[in-house]
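Numbering (the numbering used here), first residue to last: 1360 to 1494.
As C-alpha coordinates, then:
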(Lines of atoms letter the chains of each structure in order from A and count residues from 1; the text may use other names and numbers.)
(Lines give C-alpha, C1' and ligand atoms only; values in the text may rest on other atoms or scores of the structure.)
Protein backbone atom coordinates (compact mmCIF):
# COMPACT_ATOMS: atom_id res chain seq x y z
CA UNK A 1 0.00 0.00 0.00
CA UNK A 2 2.99 2.29 -0.22
CA UNK A 3 2.15 5.67 -1.73
CA UNK A 4 -1.58 5.48 -1.00
CA UNK A 5 -3.06 8.25 1.10
CA UNK A 6 -6.00 7.57 3.34
CA UNK A 7 -7.62 9.90 5.82
CA UNK A 8 -5.59 8.30 8.60
CA UNK A 9 -2.30 8.49 6.68
CA UNK A 10 -2.79 12.18 5.85
CA UNK A 11 -3.25 12.91 9.54
CA UNK A 12 -0.25 10.75 10.50
CA UNK A 13 2.02 12.45 7.97
CA UNK A 14 0.86 15.85 9.14
CA UNK A 15 1.66 15.04 12.77
CA UNK A 16 5.20 13.95 11.85
CA UNK A 17 6.08 16.85 9.54
CA UNK A 18 3.95 19.92 10.07
CA UNK A 19 4.72 22.75 12.48
CA UNK A 20 1.29 24.23 11.75
CA UNK A 21 -1.14 24.27 14.68
CA UNK A 22 -4.00 23.10 12.46
CA UNK A 23 -4.16 19.29 12.26
CA UNK A 24 -6.39 17.91 9.49
CA UNK A 25 -9.88 16.77 10.34
CA UNK A 26 -11.94 14.36 8.27
CA UNK A 27 -12.97 16.51 5.31
CA UNK A 28 -11.11 19.69 6.32
CA UNK A 29 -7.53 20.92 6.01
CA UNK A 30 -6.05 24.30 6.91
CA UNK A 31 -2.61 25.25 5.65
CA UNK A 32 -0.51 28.33 6.27
CA UNK A 33 1.46 29.89 3.43
CA UNK A 34 3.60 33.02 3.21
CA UNK A 35 3.99 34.57 -0.26
CA UNK A 36 7.52 35.25 -1.50
CA UNK A 37 8.83 37.77 -4.04
CA UNK A 38 9.63 34.99 -6.53
CA UNK A 39 5.86 34.45 -6.91
CA UNK A 40 5.13 38.07 -7.94
CA UNK A 41 3.88 39.04 -11.35
CA UNK A 42 4.59 42.27 -13.25
CA UNK A 43 2.12 44.28 -11.14
CA UNK A 44 4.04 43.27 -7.98
CA UNK A 45 1.18 41.17 -6.65
CA UNK A 46 1.29 37.43 -6.05
CA UNK A 47 0.65 35.53 -9.28
CA UNK A 48 -2.70 33.80 -9.70
CA UNK A 49 -0.90 30.53 -10.38
CA UNK A 50 0.45 30.51 -6.81
CA UNK A 51 -3.03 31.27 -5.47
CA UNK A 52 -4.58 28.46 -7.53
CA UNK A 53 -1.86 26.05 -6.43
CA UNK A 54 -2.54 26.83 -2.77
CA UNK A 55 -6.30 26.34 -3.24
CA UNK A 56 -5.84 23.13 -5.23
CA UNK A 57 -3.44 21.72 -2.62
CA UNK A 58 -5.73 22.42 0.34
CA UNK A 59 -8.80 21.04 -1.43
CA UNK A 60 -6.96 17.92 -2.62
CA UNK A 61 -5.66 17.23 0.89
CA UNK A 62 -9.17 17.67 2.31
CA UNK A 63 -10.44 15.14 -0.24
CA UNK A 64 -7.69 12.69 0.69
CA UNK A 65 -8.80 12.70 4.33
CA UNK A 66 -11.97 10.89 3.20
CA UNK A 67 -10.30 8.09 1.21
CA UNK A 68 -10.16 4.44 2.13
CA UNK A 69 -7.14 2.24 1.51
CA UNK A 70 -6.75 1.61 -2.21
CA UNK A 71 -8.60 4.77 -3.32
CA UNK A 72 -7.12 7.79 -5.05
CA UNK A 73 -8.85 11.02 -6.07
CA UNK A 74 -7.46 12.81 -9.13
CA UNK A 75 -8.84 16.27 -9.81
CA UNK A 76 -11.62 16.48 -12.36
CA UNK A 77 -11.91 20.28 -12.39
CA UNK A 78 -10.84 23.24 -10.27
CA UNK A 79 -11.92 26.89 -10.38
CA UNK A 80 -10.69 29.98 -8.56
CA UNK A 81 -12.05 33.47 -8.02
CA UNK A 82 -9.69 36.28 -7.04
CA UNK A 83 -11.35 38.68 -4.60
CA UNK A 84 -8.47 40.95 -3.53
CA UNK A 85 -4.76 40.98 -4.36
CA UNK A 86 -2.15 39.27 -2.23
CA UNK A 87 1.06 41.26 -1.78
CA UNK A 88 4.47 40.16 -0.55
CA UNK A 89 3.84 41.94 2.74
CA UNK A 90 0.36 40.42 3.19
CA UNK A 91 1.84 38.04 5.77
CA UNK A 92 0.79 34.52 6.52
CA UNK A 93 -2.23 33.40 4.52
CA UNK A 94 -4.68 30.79 5.81
CA UNK A 95 -5.58 28.32 3.07
CA UNK A 96 -8.62 26.22 3.93
CA UNK A 97 -10.03 23.28 2.01
CA UNK A 98 -13.14 21.38 2.99
CA UNK A 99 -15.34 18.65 1.58
CA UNK A 100 -18.85 19.79 0.66
CA UNK A 101 -20.02 16.35 -0.47
CA UNK A 102 -18.41 12.92 -0.54
CA UNK A 103 -20.16 10.48 -2.81
CA UNK A 104 -19.17 7.03 -4.00
CA UNK A 105 -17.43 8.37 -7.13
CA UNK A 106 -17.18 12.18 -6.74
CA UNK A 107 -15.90 14.49 -4.00
CA UNK A 108 -17.02 18.13 -4.17
CA UNK A 109 -14.84 20.69 -2.39
CA UNK A 110 -14.53 24.37 -1.53
CA UNK A 111 -11.41 26.33 -0.68
CA UNK A 112 -10.60 29.78 0.71
CA UNK A 113 -7.53 31.94 1.18
CA UNK A 114 -7.82 34.46 4.02
CA UNK A 115 -5.34 36.78 5.67
CA UNK A 116 -4.67 36.87 9.43
CA UNK A 117 -7.64 39.22 9.92
CA UNK A 118 -10.00 36.80 8.16
CA UNK A 119 -10.38 38.88 4.96
CA UNK A 120 -11.10 36.75 1.91
CA UNK A 121 -8.51 37.02 -0.89
CA UNK A 122 -9.55 34.09 -3.09
CA UNK A 123 -11.93 31.15 -3.11
CA UNK A 124 -12.53 28.18 -5.33
CA UNK A 125 -14.23 24.88 -5.91
CA UNK A 126 -13.05 21.51 -7.08
CA UNK A 127 -14.36 18.09 -7.91
CA UNK A 128 -12.27 14.97 -7.56
CA UNK A 129 -13.08 11.53 -8.91
CA UNK A 130 -12.83 8.61 -6.50
CA UNK A 131 -11.17 5.67 -8.21
CA UNK A 132 -9.64 2.42 -7.04
CA UNK A 133 -5.93 2.12 -7.54
CA UNK A 134 -4.99 -1.18 -9.04
CA UNK A 135 -1.78 -2.71 -7.60
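Glycine is no exception: its CB is placed at the ideal position from the N, C-alpha and C atoms.
For residue 1440: DSSP bridge partner residues: Beta-bridge pairing links residue 1440 to 1482.
Alpha-carbon spacing of residue 1443 relative to residue 1392, whole angstroms: Looking at the two C-alpha atoms, the distance is approximately 16 Å.
DSSP state of residue 1429 mapped onto helix, strand, coil: Reduced to three states, the DSSP call for residue 1429 is coil.
Cutoff 7 Å; reference residue 1484; Cβ partners in own chain excluding five residues on either side: Non-local beta-carbon contacts of residue 1484 in its own chain, meaning distances under 7 Å to residues more than five positions away in sequence, involve 1438, 1468 and 1469 in chain order.
Buried or exposed by the 16-neighbour rule on C-beta atoms within 10 Å, applied to residue 1402: The residue is exposed, with fewer than 16 neighbouring Cβ atoms inside 10 Å.
From 1440, 1411 and 1477, residue whose alpha carbon lies closest to that of residue 1452: The candidate whose alpha carbon is nearest that of residue 1452 is 1477.
Limits of the unbroken beta strand (DSSP E) element including residue 1495: Lying before the first or after the last residue shown, residue 1495 is absent from the chain, which here runs from 1360 to 1494.
Reference residue 1488; option with closest CA among 1474, 1472, 1446 and 1426: Nearest of 1474, 1472, 1446 and 1426 to residue 1488, Cα basis: 1426.
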